[in-house]
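Residue numbers for the sequence shown follow this note's numbering, beginning at 17 and rising by one. Note that beta-carbon positions come from the ideal geometry of N, C-alpha and C, so glycine has one too. These numbers were taken from a predicted model, which means no experiment stands behind them. Structure record follows, encoded as structure tokens.
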Amino acid sequence: MKGSGFPSVGVDGLDGRHQALRDELTASHGRKTGTPWRQIRYKQVLFNRTRTSCPRFASKGKKTAYSAATRFPLLVCAGCLAGCGLINATISQQAKDFGFQREILQGKPFQHVAFFNGSPCADGQWHVYLDGDGKAWLTPHRAASDPTPKKSFLLDLMKSDPAPSMYLGRPCYHGLAHSPLCNPWVWTQQRYSQTVVESLAQALQRRLPDKQCRIVLIGYSGGGALAMLMAAKLPQAQGIVTLAGNLDVGAWTRLHGFSPLTGSLDPARQPALPEAIYQIHVTGTEDKQIPPNLIIQAIHKYPHAELIKIKNLNHQGNWSTIWPEVLQKIRSHLKKREVNQ
17 MKGSGFPSVG VDGLDGRHQA LRDELTASHG RKTGTPWRQI RYKQVLFNRT RTSCPRFASK
77 GKKTAYSAAT RFPLLVCAGC LAGCGLINAT ISQQAKDFGF QREILQGKPF QHVAFFNGSP
137 CADGQWHVYL DGDGKAWLTP HRAASDPTPK KSFLLDLMKS DPAPSMYLGR PCYHGLAHSP
197 LCNPWVWTQQ RYSQTVVESL AQALQRRLPD KQCRIVLIGY SGGGALAMLM AAKLPQAQGI
257 VTLAGNLDVG AWTRLHGFSP LTGSLDPARQ PALPEAIYQI HVTGTEDKQI PPNLIIQAIH
317 KYPHAELIKI KNLNHQGNWS TIWPEVLQKI RSHLKKREVN Q
């Protein structure tokens, strides 16, 4: 897809990016190159993933060029794109049990699964929940066929939220990994890309019944990064709430020794958001994945931002214990806004 930043794989041949991947993998076999080994392995997986794991991407009667040249064992995901993987329906069932309404929203260019609790903007506000990255990788060298988490505690939080709310799914999550525009780049290296952010914002905007509706973006982990990035594109954004938010992507990758998320935006490297958008950032003292100090450093440029530290809470801990307090803070900000208007 031209200009999208994502590779487009044809049935009968390689596009430019996949041709480049093949050439690099072929050149890397048996000699040193300027590309680190870990990146070579990563690119090998993506090449395998999109060319050989599904029949529609495999050339009939041929071995792929990379496998003949490099002799690496074939690494493929358990499922695959283009309809030959199983759809993860666990979260959909969870949402159904809560009585939420499911819709597929059209962003640009992606589709997004969304779950609604109440009518959007019924009382002039709308809480939009953005989940974490899920399981982007099965192993350090194998991308997942569907990154959707099995369950989401954000749905539990949304159930207890009296305000009209929506859980907005990321592109290619919730059973949409087989869609034509989807490939592992979307949920790995480009998980916070401009294309992903704009598609989420577009899907949300198109569903707004009232352009004056006040929006609060609520993000967990990687969803916190998306909340910060989306706020800049939504004139209706009134507040941001993050739970263990990945607010400095570069610092996070360096902390864990991950490869940089090339192609992704980093909230810490973006222009500061307007002070009119209030920010509440919640972190657990025992969070080893996104430690409190990363969040503190990231929000240093926002003196008006509020930080809440929860003792003995880790990344996957019981966030519901703090949720009534957070909802009360959101209501307080809403009342202040109404008084000042």
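Exposed or buried, what is Ala138 when buried is set at 16 or more other beta-carbons lying within 10 Å of its beta-carbon? The residue labelled residue 138 in the question sits at position 122 within the sequence shown. By the neighbour-count rule (16 or more Cβ atoms within 10 Å), Ala138 is not buried but exposed.
Considering just the uninterrupted stretch of the beta strand (DSSP E) at His143, what are its terminal residues? Numbered from its first residue, the sequence shown carries residue 143 at position 127. Residues 141–146.
Can you tell me which of the three DSSP states Pro224 falls into? On the sequence shown, position 208 is the one that residue 224 refers to. Note that residue 224 is Leu in the sequence shown here, rather than Pro. Coil at Leu224, not helix or strand.
Check whether Pro283 and Met244 have beta carbons under 8 Å apart: Along the sequence shown, read from residue 1 onward, the residue named residue 283 stands at position 267. Along the sequence shown, read from residue 1 onward, the residue named residue 244 stands at position 228. Yes, the Cβ-Cβ distance between Pro283 and Met244 is below 8 Å.
For Gln295 and His157, I'd like the C-alpha separation in whole angstroms. In the sequence shown, counting from the first residue as 1, residue 295 sits at position 279. In the sequence shown, counting from the first residue as 1, residue 157 sits at position 141. Cα-Cα distance, rounded: 36 Å.
Trp153 lies in the beta strand (DSSP E); which residues open and close that run? Counting from 1 along the sequence shown, the entry for residue 153 is found at position 137. 153–155 is the span of the beta strand (DSSP E), which, as asked, contains Trp153.
For Phe131, list the residues DSSP reports as bridge partners. By 1-based counting over the sequence shown, the position of residue 131 is 115. DSSP output for Phe131 lists Arg118, Tyr183 as bridge partner(s).
Does the stretch 247–258 come within contact of the stretch 267–276, defined as at least 3 CB pairs closer than 8 Å? no
Quick one: give me the first and last residue of the beta strand (DSSP E) that Glu322 is part of. Along the sequence shown, read from residue 1 onward, the residue named residue 322 stands at position 306. From DSSP, the beta strand (DSSP E) with Glu322 extends over 322–326.
Using the rule of at least 16 other Cβ atoms within 10 Å of the residue's Cβ for burial, across every protein chain shown, is Ile107 buried or exposed? Numbered from its first residue, the sequence shown carries residue 107 at position 91. Classification for Ile107: buried.
Verify whether the separation of the beta carbon atoms of Leu289 and Leu250 is less than 8 Å. Reading the sequence shown from its first residue, position 273 is the one you call residue 289. Reading the sequence shown from its first residue, position 234 is the one you call residue 250. Result no, Cβ atoms of Leu289 and Leu250 do not sit closer than 8 Å.
Determine the DSSP secondary structure at Leu271, reduced to helix, strand or coil. Position 255 of the sequence shown, counted from the first residue, corresponds to residue 271. Reduced to three states, the DSSP call for Leu271 is helix.
Starting from Leu173, follow the beta strand (DSSP E) in both directions and report where the run begins and ends. Start at 1 with the first residue of the sequence shown, and residue 173 comes out as number 157. No beta strand (DSSP E) contains Leu173, which is instead part of the alpha helix (DSSP H) from 169–175.
Just to confirm my understanding: we take Gln122, look at its own chain, exclude 5 residues before and 5 after, and list those with CB closer than 7 Å. What are they? Reading the sequence shown from its first residue, position 106 is the one you call residue 122. Hits under 7 Å: Ala219, Arg222.
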